[in-house]
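Numbering (my numbering), first residue to last: 168 to 389.
The beta-carbon is built from N, C-alpha and C at its ideal position, and this holds for glycine as well.
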Amino acid sequence: MDAAAGAAPTPTVPDAPPEGSAALVQAEGSAGQAAPSRYESQKRRDWNTFLQYLRNHKPPLTLARCSGAHVIEFLKYLDQFGKTKVHISGCPYFGHPNPPAPCACPLKQAWGSLDALIGRLRAAFEENGGRPESNPFATRAVRIYLREVREAQAKARGIPYEKKKRKRTTTTLSSTVTTATVSTVTTSTSNNPTNGAGVSLPSSDVPTATTPNVTTTATTSV
């Protein structure tokens, strides 16, 4: 018997499903849509932190009783977790942008961090059912406090605050002025004299008519 004829057939191994199958792509797409953005995650954490602050307040506060003054108290409470060195007026490095040595001045929250925090809390308040007209994070007192913090920190750290100006693109247009000599053409009218052939004569060629001096002699008959 032939050896090739008696050999056992080779089993067929089914192909593995491709890595980019439809089910895998759909699962990855669902996970990507469910994941919140960095801004949304930070906003949720800030909102939960503020609600926890209201619960730990003495006496405890509810969101309905919260005012702009309570928001300012919350911002001052956060200064203990700040990482920005703000020099006091008696410090030798007051107004020095790059102090050469450390000092005992306190660390506070930077103005930019507080301003961004208030923006997220203002949006979270309205997203959670709050009315825009009663938003404690949008009160005038909070805006004044943030402006005072900005000016005080800029003076203490020697870093003047400059409002960002929009960059305007200036386009220089070069215009070429062409001086044109305009010649005035005298249009002939029906009143212009002609030379008898129907052609108008220029004013310079028109002979000037002179009025003859006529002497009248009167004869008296006797």
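Item: Through-space distance from residue 312 to residue 270, alpha-carbon basis; Value: 26 Å
Item: Opposing strand residues paired with residue 274 [DSSP bridges]; Value: 252
Item: Contact set for residue 221: own chain, Cβ-Cβ below 6 Å, skip 5 residues either direction; Value: 228
Item: Presumed contact (8 Å Cβ cut-off) between residue 235 and residue 306, rounded CB distance; Value: 3 Å
Item: Residue 240 Cβ short of 7 Å to the ligand NAD heavy atom set; Value: This structure simply doesn't include the ligand NAD, nor any ligand for that matter.
Item: Start-to-end residues for the alpha helix (DSSP H) that takes in residue 209; Value: 205-223
Item: Which of helix, strand or coil DSSP assigns to residue 289; Value: helix
Item: Residue 247 classed as buried or exposed, judged by whether at least 16 other C-beta atoms fall within 10 angstroms; Value: exposed
Item: Residue 238 beta carbon less than 8 Å from that of residue 292; Value: no
Item: Alpha-carbon spacing of residue 268 relative to residue 252, whole angstroms; Value: 12 Å
Item: Proximity below 8 Å, CB of residue 324 to CB of residue 273; Value: no
Item: Sub-8 Å separation of residue 242 and residue 281 beta-carbons; Value: yes
Item: DSSP three-state assignment for residue 230, whether helix, strand or coil; Value: helix
Item: Element boundaries [alpha helix (DSSP H), containing residue 236]; Value: 235-244
Item: Nearest residue (CA-CA) to residue 285, options 216, 204 and 326; Value: 216
Item: Collapsed DSSP secondary structure at residue 265 in the structure displayed; Value: coil
Item: Sub-8 Å separation of residue 249 and residue 275 beta-carbons; Value: yes
Item: Residue environment, residue 244, which counts as buried when at least 16 other CB atoms sit within 10 Å; Value: exposed
Item: Buried versus exposed call for residue 206 [16 or more other C-beta atoms within 10 Å across all chains shown]; Value: exposed
Item: Residue burial classification, residue 289 (beta-carbon count within 10 angstroms, cutoff 16); Value: buried
Item: Residue environment, residue 287, which counts as buried when at least 16 other CB atoms sit within 10 Å; Value: buried
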